[in-house]
Ligand SMILES: Nc1ncnc2c1ncn2[C@@H]1O[C@H](COP(=O)(O)OP(=O)(O)O)[C@@H](O)[C@H]1O
Ligand SMILES: Nc1ncnc2c1ncn2[C@@H]1O[C@H](COP(=O)(O)OP(=O)(O)O)[C@@H](O)[C@H]1O
Ligand SMILES: [Mg+2]
Ligand SMILES: [Mg+2]
Ligand SMILES: [Mg+2]
Ligand SMILES: [Mg+2]
């Protein structure tokens, strides 16, 4: 069964940090349409802090993801700090003690992340938030595995579902967060949190795929 | 020598009250151009209060003018309260004890009013304020008498000078009051205080002339 | 945007520097730049009182740190919950070993961050109990009271909880006092204009000229109704009715009243509004024991006001009347 | 105009009703609707302290009526001096037979109305002496100091004079304390936006977006210079320099500092501004004994701030530190 070594964790998290940093302006711009325009700034602040804490060395996937999660939780505040914080801590905790990450391990990680996320928010699919990305992406990965797909192919399904989830927010009316004030007027724009989540999941998949052996 | 009975005072002051009440909106409109648009409101409030205090009966010119002055001074505040207050008290005090008001009596009244006005403001001709009306009007009356004019004719000269003084403020740059903030931009509009003062002096003349015998 | 700031991204940091320099008798820095404490905190033998929330509501939250009031505060970005770490560090700054009462408002971010911080505190041996303010009647119907937001009633919650702590109550007593205070509070907001977050540079939402929004939240959360701009007397009626119709007010009650400006509404207008509120409460049989009218809990440069009415019993009355000193609220021994 | 009023022509009357209802411990009505007094006034054996001025500056002027502060206040229309009668009635409300100190600001209307009122009071057997605040350095050059306007330094003048009265000083002593306070005060304003008088309904003057006006007066009187909107740090430099370059500040002085918002500028921004002011004063060798930062003397909904710096000696320091209670300023026995 294909897998990748858990000690490549720091490289994977560095890829996440890079994608958020590169999309700082884009994410804020999306948030500007129906939010307050700071999502990229907020996220980049937390991710950059994690880069500082990580330094240049190697780390296990579990430790690196938990460091990312704890940094977000501790430093960015708002709702996104604890939400992404819980999510990445959940992913990381589920990887604890595993040396080679195989597809079922990653499935367990995704499911733990989602469970932890749900422990602190009641947000649902359809609310126009990061749930619209993370829920279908998780199901897509699990579904692909159940249908007999390889790790790499399942990662592709996850990315596709995350991006489709992100796109689905465009036609939604926001039910939570600042944008919910706008009612019907929130329709027609992507949700910023769903967008950053799709970037993160796609990047995670892209970083893992070349490591698979 | 022509004169009028001092006990017609209440009628004269009632005429002043009427002209201010009738021009309430006009005076506020003028003040609105380069001031805060309340001159008519401020003046009408004080003059109406005087009407209440006077009631319907007769009063000596001295008593009626002093009542008007005291009411303005006590009730309208700002700068116009004490300025018009002092002015009318000055006019009234100079008429004290006189039963028949002849031209020299009225000259003394005008001069006393101006002196009292000057005791509380340093405003000068050319500052774009009521001084631009009251100073030339006073000189015109005195000058006409000195040149041998009758009371009625001297009153006409006074009215003409008051109105010319009012008109002269149009091309002035305000040096005092709110309008002074505007500098050059205050040019091109009449001054509200100079306008109300011209209305008052012209009305006073118009009320006195038919009483002359 | 006509504002007195340096860097729009550092409004909170730069402001904190000023609070520390201006009021050294009220504020001391901690190792966490987003946590300020009362210089005497932790006060030996006293339960610590902590609050926190997004910035932009000054004097709330940090302005209620002080003598017989809040011991430490977690300071978020403008309109954004402080991170869990800031709450945790505020707990540590306030705890004298008697435990900490964390009294905060019901917002998604604050709930999550406090929840995390309480967990982290437990690991460090700090006992924290919480009360979540939910006084805003406009934010959910009465049968979903747990969904309601906390607004200016938080001030009464802090006042009551902190006075109980100052009187020597244990953690459960402090929590009970704060809970009782907020349970007896009802609030509503009225927005006349939007406000501008400096880092954003454009209005946070829109209220058209000639309109006003009844029930608006402190960050522009949608209200009950957008209506034509009305007189202060009519506005008072619109505000008083939903507040006193909600439990728990009944004729004969004594109440404390707080009318807070949202930032840019002049003090004289708040008093014009108050005059009618006072009469309407009187008409409903509610006697005002104490009234606070001023800028107690704002939303940057928003125009408008909030009304908070709290039912008093002997205990809450004593706690509200307790003397205190802070930037937002200073009062002597008697009314 | 998004405002909470009833009748634009009755803003002051309607506001006064609210002040009376909200703060019965601070305000009592008098026979003159435009005069409020501290309920305990006239205080037997104490010199009466009176002030007055146009409305729209709340909490000034009436917000400084209170315990160990002003005894009675004459209340004018918005931005317009109270009538002489109101000053006279305030004198009568404050006089316990020890005479009255009338401490007010240097404006044409106030000067005239106070002058009249003092004359009228003399006839009624009330001795009144006056101090005229002229702390605004931007309103005239130093050699025409008698032409300068009074601004937020008036608060320090009231505080010092009233504390002297509370300590038992006679009329001349109270006048001397107030005069010394204002002589040691220098202020300057900075305007970022205009303000709107409700009865007028349009902005009182214009400051273009992206500009600010240094030295602006409390009613929009023209300042020294219209400059590009600058950072808070730069604004602090523009404000501190003209204030400390004017007599009487010298290195080594202890000072009291007051930064007042003009109405709509959020408290956090006033503290951002203060942080730099504090440092600049320190650089000039001035040690800040006490700082007041908040909305102490406003101009309706104007954005911007004023800076007041007062040089202290032992006497003024004691008077400023004296405890007091009022709507605008409440402080306990120590800093
Ligand atoms: N209660 C919530 N649960 C889940 N997601 C949320 C919630 N509130 C906001 N979000 C997400 O947060 C995103 C905005 O994040 P950000 O701009 O960083 O924070 P803020 O709204 O405080 O400015 C939204 O696009 C939405 O996806
Ligand atoms: N110091 C002064 N001396 C003489 N006249 C003055 C002075 N200040 C203002 N005025 C006059 O007052 C008029 C405006 O009066 P009004 O509108 O009633 O008062 P305000 O300016 O307080 O609104 C001006 O047009 C000017 O003639
Ligand atoms: Mg935000
Ligand atoms: Mg945002
Ligand atoms: Mg006017
Ligand atoms: Mg006016």
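Protein chains in written order, with my numbering: chain A, 129 to 341; chain B, 129 to 341; chain C, 25 to 359; chain D, 25 to 359. Glycine residues also receive a C-beta, built at the ideal position from the N, C-alpha and C atoms. Here the structure is a predicted model, which means the values were calculated and not measured.
Check                                                                                                                              : Outcome
Proximity test, residue 206/A beta-carbon vs ligand 3 heavy atom, cut-off 7 Å                                                      : yes
Chain C contact residues for residue 60/D, given Cβ-Cβ distances below 9 Å                                                         : The premise fails here: residue 60/D is roughly 12 Å from chain C at the closest Cβ pair, so nothing lies under 9 Å.
Proximity winner among 256/C, 300/C, 165/C and 194/C, relative to residue 215/C (alpha-carbon distances)                           : 256/C
Residue 158/D: contacting residues in chain B (beta-carbon distance under 9 Å)                                                     : Residues of chain B passing the Cβ test: none, with the nearest at roughly 16 Å.
Contact residues within the segment 184-211 of chain B, judged by C-beta distance below 8 Å to chain D                             : 201, 202, 203, 204, 205, 206, 207, 209, 210 and 211
Residue 310/B versus residue 328/D: straight-line alpha-carbon distance, rounded                                                   : 20 Å
Cutoff 6 Å; reference residue 156/C; Cβ partners in own chain excluding five residues on either side                               : 130
Cβ-Cβ distance between residue 152/B and residue 168/B below 8 Å                                                                   : yes
Contact with chain A by residue 101/C, beta-carbon distance below 8 Å                                                              : yes
Min CB distance residue 66/D to chain B below 8 Å                                                                                  : no
Chain C contact for residue 359/D (CB, 8 Å cutoff)                                                                                 : Note on residue 359/D: pLDDT 41, under 50, position unreliable in the model; the coordinate value appears next. So, interface residue.
Beta-carbon contacts of residue 73/A that lie in its chain and below 8 Å, excluding the five residues immediately before and after : Outside the modelled stretch of chain A, which goes from 129 to 341, sits residue 73/A, for which no answer is possible.
Min CB distance residue 79/C to chain D below 8 Å                                                                                  : yes
Own chain, CB closer than 6 Å to residue 25/C, minus 5 neighbours either side, in chain order                                      : 220 and 225
Own chain residues within Cβ distance below 8 Å of residue 261/C, not counting five before or after                                : 300 and 304
Chain C within 8 Å of residue 293/D, Cβ atoms only                                                                                 : yes
Local conformation of residue 132/B per DSSP, three classes                                                                        : strand
Proximal residues, the segment 214-235 of chain C versus chain A, C-beta separation under 7 Å                                      : 221, 223, 224, 228 and 229
Beta carbon of residue 29/C nearer than 8 Å to that of residue 36/C                                                                : no
Any residue whose CB is nearer than 6 Å to a heavy atom belonging to ligand 4, listed in chain order                               : 159/A, 163/A, 164/A, 166/A and 167/A
Spatial neighbours of residue 326/A in its chain, beta-carbon cut-off 6 Å, leaving aside the 5 residues before and after           : 261, 290, 291 and 294
Length at least 3, wholly inside the segment 233-281 of chain D: the beta strand (DSSP E) runs in chain order                      : 235-238 and 249-252
Segment contact flag, the segment 329-346 of chain C with the segment 186-195 of chain C, C-beta cutoff 8 Å, min 3 pairs           : yes
Contact set between residue 249/D and chain B, taken where Cβ atoms lie within less than 9 Å                                       : By Cβ distance, chain B contributes nothing, its closest Cβ being about 14 Å from residue 249/D, past 9 Å.
Residue environment, residue 108/C, which counts as buried when at least 16 other CB atoms sit within 10 Å                         : buried
Where residue 131/C falls: helix, strand or coil (DSSP)                                                                            : coil
Coarse secondary structure for residue 29/C, derived from DSSP in three states                                                     : coil
DSSP bridge partner residues for residue 347/D (one or two, in chain order)                                                        : Looking at the DSSP assignment, residue 347/D forms no beta bridge with any residue, so it has no partner.
Residues bridged to residue 160/D (per DSSP)                                                                                       : 211/D
The segment 143-167 of chain B: positions lying closer than 7 Å to chain D by Cβ                                                   : 164, 165 and 166
Segments assigned alpha helix (DSSP H), at least 4 residues, entirely inside the segment 230-285 of chain A                        : 231-248 and 259-274
Residues from the segment 247-260 of chain B in contact with chain D, defined by Cβ distance under 8 Å                             : 248 and 249
Contact with chain D by residue 302/C, beta-carbon distance below 8 Å                                                              : yes
Segment contact flag, the segment 195-205 of chain D with the segment 118-138 of chain D, C-beta cutoff 8 Å, min 3 pairs           : yes
Limits of the unbroken alpha helix (DSSP H) element including residue 100/B                                                        : Absent from the structure is residue 100/B, since the part of chain B shown begins at 129 and ends at 341.
Spatial distance of residue 80/C from residue 180/D (CA atoms)                                                                     : 29 Å
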